[in-house]
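Working notes, structure below.
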Amino acid sequence: MRVLGIDPGLRSTGWGVIEQVNGRLAHVANGICCSGEGVLAERLLSLHDQLCAIVARHAPDAAAVEQTFVNRDGAGTLKLGQARGIAVLVPARAGIAVGEYAPNAVKKAVVGVGHADKRQIDHMVRLQFPGIQIAGPDAADALAIALCHAFHLSAGGRLAAALARAGA
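Residue numbers for the sequence shown follow my numbering, so the first one is 1 and each next one is one higher.
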């Protein structure tokens, strides 16, 4: 199973693709989609086109996006929400189920504590996938989101199997 993790942002959206084969996780690819400067609609279209290309190139089976947290800058939060809408729309339009996780849930799943900083996330992602090149902090966050989703999917599969055995 291939999982695409997306860390939405208007200026830079991180993405990471991992693969789960026989219970083992492997890094496939990661990067950052940059929308540039200028008109909001053009920037959102750029993010859309870049994410569509990533989905087409890596053919994920599942996707996960980090939920938006509200900060003091209402206009900034609204723009981030629009970028997040693109991040949810692209995989959904491709027929891929999209999981959504709060930032603290991702940190807890990957680092073990819900208030980890970016360095800790980067460190744990590098421990999980030794020797990989990470495109930047947003890509590391996206890989962490993909890991979190893979953990949840795996746990859900084990639960379903246990329930099936119990009912048999």
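Heads up, the beta-carbon is just placed ideally off N, CA and C, and yes, glycines get one too.
Q | Cβ-based burial, ALA155 [other Cβ within 10 Å; buried from 16] | A | exposed
(Q) I'd like to confirm the pairing. Which residues does DSSP put opposite ASN30 in its beta bridges? (A) GLY16
Q: With DSSP collapsed to three states, give me the class of LEU147.
A: helix
Q.
Would the segment 97 to 104 count as touching the segment 52 to 59 if we require 3 or more Cβ pairs under 8 angstroms?
A. no
Q | In chain order, each beta strand (DSSP E) run of at least 3 residues that lies wholly inside the segment 45 to 103 | A | 62 to 66, 97 to 101
**Q.** C-alpha gap between ILE6 and GLY167, whole angstroms
**A.** 37 angstroms
(Q) Using the Cβ count rule (16 or more neighbours within 10 Å means buried), how would you classify GLN20? (A) buried
Q: Count the other CB atoms, across all protein chains shown, that sit within 10 Å of the CB of PRO103; report buried if there are 16 or more and exposed otherwise.
A: buried
**Q.** Residue span of the alpha helix (DSSP H) that contains ARG119, given as start and end
**A.** 118 to 128
Q. Bridge partners of ASP141, per DSSP?
A. Partner(s): none; ASP141 has no beta bridge.
Q: Mind reading off the beta-carbon distance from ALA170 to VAL110? Whole number of angstroms is fine, and I expect it under 8 angstroms.
A: Any property of residue 170 remains undetermined from this structure, which presents the chain solely from 1 to 168.
Q) By the 10 Å Cβ neighbour count, where 16 or more other Cβ atoms means buried, how is GLU66 classified, buried or exposed? A) buried
(Q) Can you check which of these residues, HIS152, PHE151, ILE134, is closest to GLY16 by C-alpha distance? (A) ILE134
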